[in-house]
Each structure stands twice: as structure tokens, then as C-alpha cells.
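Visitor: I am attaching a structure below and will ask some questions about it afterwards.
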Amino acid sequence: MKKYTDSGSKDTRSGFGAGLEELGKTNENVVALCADLTGSLKMNAFADQNPDRFYQVGIAEANMMGIAAGLTIGGKIPFTGTFANFSTGRVYDQIRQSIAYSGKNVKICASHAGLTLGEDGATHQILEDIGLMKMLPHMVVINPCDYNQTKAATIAIAEYDGPVYLRFGRPKVANFTPADAKFEIGKADVLTEGTDVTIVATGHLVWEALQAAEALEAAGVSAEVINMATIKPLDEKAILASASKTGCVVTAEEHNRFGGLGESVAQTLVTNNPVPQEFVAVNDSFGESGTPAQLMEKYGLNADAIVAAAQKVIARK
898 MKKYTDSGSK DTRSGFGAGL EELGKTNENV VALCADLTGS LKMNAFADQN PDRFYQVGIA
958 EANMMGIAAG LTIGGKIPFT GTFANFSTGR VYDQIRQSIA YSGKNVKICA SHAGLTLGED
1018 GATHQILEDI GLMKMLPHMV VINPCDYNQT KAATIAIAEY DGPVYLRFGR PKVANFTPAD
1078 AKFEIGKADV LTEGTDVTIV ATGHLVWEAL QAAEALEAAG VSAEVINMAT IKPLDEKAIL
1138 ASASKTGCVV TAEEHNRFGG LGESVAQTLV TNNPVPQEFV AVNDSFGESG TPAQLMEKYG
1198 LNADAIVAAA QKVIARK
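With the working numbering applied, the sequence shown covers 898 to 1214.
Structure (C-alpha cells):
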């Protein structure tokens, strides 16, 4: 089994900041808007280097989405930045009407997603955002796994004409994908090949899936790990090819089990090739205050939970 090494843990929000900074130098149409969280979103470098293309909207997220939609009419490519909770739940009407329905070329960039927001607690830990965004027609939904992939995805979405939801996080996590890898929207990455079980993971759970695959290998189980960074459009071909080989699937995500990656994969399987599936996700609850590690452990979002799910789903074949 192919092994992956952490080249040095970094937060994915910094990957976004680095990608945005590069876009500031290479694409004059890229503009950025922030809702009073420039430092948290790592947008400082872009703002400092491009003061005429950066708009500090303040704590007025709905207004930010409306402004972004309007900027596209003049040919600009707006990147909005705030926490995932405020990027989706607080402004859903504006996104639905002014961006998705209208097909506007807005990039909704959302940090501090999921439980790993940590100590700020349940009011800020949105676990429904993937579902909210993927149900909107025209919306692309991307959830990269590490710093390098987040930077690459940020750069890639500037070339895509249409609304995009880009989700990333607060804590430092393993950085293991190649720094020079180009991000392709809608294309999954098969990280390890296996024959006994398919593990489809997204975001912070991809590294956990790789750790789970190593543990399973030690127990004589061959796991195939797929990094599903794009949740919509979903790479159904990759899922079906792997499921036809292994005969069972585990999905892993830092999101509510309702409305997330797992449901999209389940729909693909039941429509084309029904096989057993187990879900590693938050079981229809809100979060709570705690460190990211404590919360991921309590809510069963780690390598141990993926191993258990893999053993369970293999027994169902």
C-alpha cells in the first residue's frame, strides 16, 4: 500500500490565503471581500498587495453576497471570505437568489467549517453547509483535504465560470498532497488501491482515512482510499469503479450524515450498483465547545471510527 507522509502540518485556511495571494498577482479580475475576518481567513496578503481590489464589508454578510453578485456583472471574479456558518446559513437567501439562481461567478470561500472550529462551540460549528450548498442548482461544492490542495483549489476555481462553494478549516492538519499538483474540479484522487473496502473521504477526514487504511492493512484488510475533494459535481465514475472491485463502501466526512458526501455517494450506489455502505459522520446533532481533537474523538470522526466502519461494512458483504 502506498504510504503518505505529513510534510509539516498547516491549516487549510492558510492554503486559501496563499492561493488568493497568487491570484492577486496573476489575475487582475480577481477581487476579494471579507466580513470583518481578514486575519482569520488569511486574506491579509491579498489585501495588502491589492488594496484597490479588496473590500472590507464588515459584519454584513448578506450585503457582501449581494455586492459580490453585482461585481460579476462588470467582469470581476469575487472571492468572499467569512466563517462557514456565516457563509451559508446566515446568507442562504442571498446566495440562492442573487448567486445560484442567477448563475453568478462568485466564489464563496468558507473557513472554520465543521467541528474543528473547536472552542467557539455549536453556534459556530456548522455541520449542514455542504448539504445547503450542494442542493443549489449551478453550485459547485469543494472540500479540499490539506494546505496544498486548498491552495490549488483556490487557484483553480478562478478559472471556472460559475458559483463555487469552497470549504476549509481552522486547525493545523497533515499536509501530504503534492505541492505542485493541479486541482481538477470534479475529479477524485485514488490515494491507495485496495480490494476489500472502499473508503471515500473528504476534507480533514482524508488523512484519517489514510491512517485507517494502514491499520486495516496491518489486520490483513486491503482498503482503497479515495479523496473526494469535489462533492458536486461528484466523480461517480471513480466511486463505481472502486465499489465494483471492493463490494462495499465507507464514507467519511466532518459534516452531518444527512445531506453530506455520504448521501451523494449512497445515491450514486443505489442508482447504479447497490453495495453495503457505512457512514462516518456526525449523527444528526449539533457540536459543542472543546478542542478539535476532543470533538473529533467524541463524535467519532477519526481513524479508529473509520476502521470500525470498514470492519462492519465488510461483514455485510
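The beta carbon of each residue, even a glycine, is placed where N, CA and C say it ideally should be.
Using 10 angstroms around the beta-carbon of N924, count the other beta-carbons present and answer buried if the total reaches 16, otherwise exposed.
Guide: By the neighbour-count rule (16 or more Cβ atoms within 10 Å), N924 is not buried but exposed.
Visitor: Going by the beta-carbon positions, is the gap between F913 and S1008 smaller than 8 Å?
Guide: Contact: yes.
Visitor: Of the choices N1040, N1180, A1212, K1048, whose alpha-carbon is the least far from that of G1100?
Guide: Among N1040, N1180, A1212, K1048, the Cα nearest to that of G1100 belongs to N1040.
Visitor: Taking Cβ positions, are R993 and L930 nearer each other than 8 Å?
Guide: Contact flag unset, no.
Visitor: Would E1105 pass as a contact of I1211 if the rule is Cβ separation under 8 Å?
Guide: No.
Visitor: Which partner residues of N1170 appear in the DSSP bridge assignment?
Guide: For N1170, which the question treats as bridged, DSSP gives no partner whatsoever.
Visitor: Please state the DSSP three-state secondary structure of R1064.
Guide: In the structure shown, R1064 sits in a strand (DSSP, three-state: E or B).
Visitor: State the Cα-Cα distance for the pair G1252 and A1120, rounded to the nearest angstrom.
Guide: With the chain covering 898 to 1214 only, the question about residue 1252 has no answer from this structure.
Visitor: Can you give the Cα-Cα distance for I1027 and N926, rounded to whole angstroms?
Guide: Cα to Cα, I1027 sits roughly 27 Å from N926.
Visitor: Taking 8 Å as the CB-CB cut-off, is T1051 touching chain B?
Guide: Judged by its chain identifiers, the structure shown contains no chain B, having just a single protein chain.
Visitor: DSSP three-state call for S1139: helix, strand or coil?
Guide: Correct three-state label for S1139: helix.
Visitor: Under a Cβ-count criterion, where at least 16 other Cβ atoms within 10 Å of its own Cβ denotes burial, should V1167 be classed as buried or exposed?
Guide: Exposed.
Visitor: Check whether the Cβ atoms of S1161 and K1031 sit closer than 8 Å, and answer yes or no.
Guide: Yes, these two residues count as a Cβ contact at 8 Å.
Visitor: Enumerate in chain order the residues of its own chain whose CB-to-CB distance from S1141 is below 7 Å, with the five nearest sequence positions on each side excluded.
Guide: Here the set comprises N1170.
Visitor: Measuring CB to CB, does M1036 end up less than 8 Å from A997?
Guide: Yes, these two residues count as a Cβ contact at 8 Å.
Visitor: Using a 10 Å radius around the Cβ and a threshold of 16 neighbouring Cβ atoms, would you call I1096 buried or exposed?
Guide: Answer is buried; the Cβ neighbour count reaches 16.
Visitor: Quick one: is K1079 buried, meaning 16 or more other Cβ sit within 10 Å of its Cβ, or exposed?
Guide: The residue is exposed, with fewer than 16 neighbouring Cβ atoms inside 10 Å.
Visitor: With contact counted as at least three CB pairs below 8 Å, one residue from each stretch, are the region 901-915 and the region 931-939 in contact?
Guide: Yes, the region 901-915 touches the region 931-939.
Visitor: Excluding the 5 residues flanking P1075 on each side, which residues of the same chain have their C-beta closer than 8 Å to its C-beta?
Guide: Only N1045 meet the Cβ criterion.
Visitor: Nearest to T1188 by alpha carbon, out of F943, S906, L1012?
Guide: The shortest C-alpha separation from T1188 is found at L1012.
Visitor: Can you tell me whether DSSP reads N982 as helix, strand or coil?
Guide: Of the three classes helix, strand and coil, the one that applies to N982 here is helix, per DSSP.
Visitor: Buried or exposed: where does D949 fall if 16 or more other Cβ atoms within 10 Å of its Cβ makes it buried?
Guide: Under this definition D949 is an exposed residue.
Visitor: Based on DSSP bridge pairs, tell me the residues matched to Y952.
Guide: Beta-bridge pairing links Y952 to L930.
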